[in-house]
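Let me begin by presenting the structure, written as structure tokens, before commenting on it.
Structure representation (structure tokens):
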């Protein structure tokens, strides 16, 4: 399902960046984690569907090895080519989803590429949830 992204872009590109200034990346990352806590831990298929419904783009898991998961996100065309830090909401969301699945601390990092964004989620299996 194709979602209009104009409203999302207005909030992310103008409202939130103006309100948060230099703290934008950190605040939006932790907001992504908080959003993930409001939804149950999803299997990969549901996670991909969630991203589509949210208008964040097409998500796929491209690599899983040890404590590292690498996702590829193909954002809607209008949101491609954004500045570094732009995809921190999605990185935070994915990190918290994986952390919830495996009951340990996880951090996510977004690396925008040309047509897709790679989001790496790194686990710390020694730092478990109680």
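Numbering (my numbering), first residue to last: 44 to 173. Yeah, the Cβ is synthetic: ideal placement off N, Cα and C, and Gly gets one too.
Would you report the Cα separation of residue 138 and residue 49, rounded to the nearest angstrom?
Counted from its first residue, the chain shown places residue 138 at position 95. Counted from its first residue, the chain shown places residue 49 at position 6. Cα-Cα distance, rounded: 26 Å.
Please report the distance separating the alpha-carbon of residue 102 from that of residue 118.
By 1-based counting over the chain shown, the position of residue 102 is 59. By 1-based counting over the chain shown, the position of residue 118 is 75. Between residue 102 and residue 118, the C-alpha separation is close to 8 Å.
Less than 6 Å between C-beta atoms, sequence neighbours within five positions excluded: which residues of the same chain meet that for residue 83?
For the purposes of this step, residue 83 is taken as residue 40 along the chain shown, with counting starting at 1. Within the same chain, residue 83 has no close Cβ partners at all.
Is it buried or exposed, residue 129, if we count other Cβ atoms within 10 angstroms and call 16 or more buried?
Along the chain shown, one-based indexing puts residue 129 at 86. Residue 129 should be labelled buried.
With residue 53 as the anchor, note down where its alpha helix (DSSP H) starts and where it stops.
Counted from its first residue, the chain shown places residue 53 at position 10. Careful: residue 53 lies outside any alpha helix (DSSP H) and carries neither H nor E.
Given this structure, state the Cα-to-Cα distance separating residue 142 from residue 60, to the nearest angstrom.
Within the chain shown, numbered from 1, the residue matching residue 142 stands at position 99. Within the chain shown, numbered from 1, the residue matching residue 60 stands at position 17. Those two C-alpha atoms are separated by around 27 Å.
Does the separation of the CB atoms of residue 159 and residue 90 fall below 8 Å?
The residue labelled residue 159 in the question sits at position 116 within the chain shown. The residue labelled residue 90 in the question sits at position 47 within the chain shown. Contact flag unset, no.
Secondary structure of residue 158, DSSP reduced to three states
What you label residue 158 is simply residue 115 of the chain shown in a count that begins at 1. In this structure, residue 158 counts as coil in the three-state DSSP scheme.
CB contact check: residue 113 to chain C, cutoff 8 Å:
Of the chains in the structure shown, none is chain C; there is only one protein chain.
Roughly how many angstroms separate the alpha carbons of residue 161 and residue 72, rounded to a whole number?
Here residue 161 refers to the residue found at position 118 when the chain shown is read from its first residue. Here residue 72 refers to the residue found at position 29 when the chain shown is read from its first residue. If I take the Cα positions, the gap works out to 15 Å.
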